[in-house]
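Residue numbers (my numbering), protein chains in the order written: chain A, 41 to 153; chain B, 429 to 545.
First comes the structure, then the notes that go with it.
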Amino acid sequence: DSGVTQTPKHLITATGQRVTLRCSPRSGDLSVYWYQQSLDQGLQFLIQYYNGEERAKGNILERFSAQQFPDLHSELNLSSLELGDSALYFCASSQRTSTDTQYFGPGTRLTVL
Amino acid sequence: AQTVTQSQPEMSVQEAETVTLSCTYDTSESDYYLFWYKQPPSRQMILVIRQEAYKQQNATENRFSVNFQKAAKSFSLKISDSQLGDAAMYFCAYRWPRGSSGDKLTFGTGTRLAVRP
Numbered sequence: 041d042s043g044v045t046q047t048p049k050h051l052i053t054a055t056g057q058r059v060t061l062r063c064s065p066r067s068g069d070l071s072v073y074w075y076q077q078s079l080d081q082g083l084q085f086l087i088q089y090y091n092g093e094e095r096a097k098g099n100i101l102e103r104f105s106a107q108q109f110p111d112l113h114s115e116l117n118l119s120s121l122e123l124g125d126s127a128l129y130f131c132a133s134s135q136r137t138s139t140d141t142q143y144f145g146p147g148t149r150l151t152v153l
Numbered sequence: 429a430q431t432v433t434q435s436q437p438e439m440s441v442q443e444a445e446t447v448t449l450s451c452t453y454d455t456s457e458s459d460y461y462l463f464w465y466k467q468p469p470s471r472q473m474i475l476v477i478r479q480e481a482y483k484q485q486n487a488t489e490n491r492f493s494v495n496f497q498k499a500a501k502s503f504s505l506k507i508s509d510s511q512l513g514d515a516a517m518y519f520c521a522y523r524w525p526r527g528s529s530g531d532k533l534t535f536g537t538g539t540r541l542a543v544r545p
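Listed below in structure tokens is the structure:
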């Protein structure tokens, strides 16, 4: 157990819908990262927050957004869902940023029908 | 852009034997970090080992060790005394700790390791 929690574990929804994925980092970790794992794209970085502020963006679609709250938990919002958004979404956290190892949560499996 | 290449999509090893998984990367930086993560059937991403580029000594964690060749940009993972629980997908990852790209990990495509009893 990495100490990073993600809810829900599984999510099944329809095209066009909006969902929210939640992540609680390890105790004391200030940095949160979101990654998407899909069959065709592999593991890709989406976005990083550090202590409530956006630090870096990767291959995140405009339909997707995220935020990190004062208690350091983070949410990833996916809207206007398409079939191709079906994937495993991971949250990872690290204590600070550059020198710290990222520990991954168990992931949320999103299925868009 | 930094890229990570794992040229072995699948590998197989006999239980108790040793296996080496390959990884190469492309970077113009001198200060960076390399990781191996394991993803078993549960899909959890588990850190196996970490290497700092400024360290010449190869990292070791119990049965897992790396062969880090900085000039060749190679970072292979050696698993000794393989166990059935080692069966998983293994991902090599690179992190450049500074710059506008933040602290993201760039992953290879993975190597699926099967362990034969």
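Idealized CB from N, CA, C, for every residue including glycine.
If you're wondering where the values come from, they're calculated on a predicted model, not measured in any experiment.
Taking a beta-carbon distance threshold of 8 Å, F104(A) does not count as an interface residue toward chain B. Assigned with DSSP and collapsed to three states, L116(A) falls in strand.
Closest by C-alpha distance to S42(A), out of M517(B), Q484(B) and I474(B), is I474(B). Interface residue (Cβ-Cβ distance to chain A less than 8 Å): D454(B) is not classified as such. Non-local C-beta neighbours of L116(A) in its own chain, meaning closer than 6 Å and more than five positions away in sequence, comprise L61, W74 and A106, ordered along the chain. Listed in chain order, the non-local C-beta contacts of P437(B) below 7 Å within the same chain comprise T539 and R540, local neighbours out to five positions each way being set aside. The Cβ atoms of E443(B) and S510(B) sit closer than 8 Å to each other. Any Cβ of chain A closer than 8 Å to the Cβ of L541(B) would place that residue at the interface, and such an atom is absent. Taking 3 residues as the shortest admissible run, the region 80-144 of chain A contains the following complete beta strand (DSSP E) segments, listed from N- to C-terminal end: 82-90, 93-97, 104-108, 114-118 and 127-134.
Contact residues of the region 455-478 of chain B toward chain A are Y461, F463, Y465, Q467, S470, R471, Q472, M473, I474, L475 and R478 (C-beta to C-beta distance below 9 Å).
For L86(A) against Q77(A), the beta-carbon gap comes to about 11 Å, at or over 8 Å, which does not count as contact. When V72(A), S134(A) and F104(A) are compared, the shortest CA-CA separation from G92(A) is found for V72(A). Buried is the label assigned to Y461(B), since at least 16 other Cβ atoms lie within 10 Å of its Cβ.
The Cβ atoms of L121(A) and R471(B) do not sit closer than 8 Å to each other.
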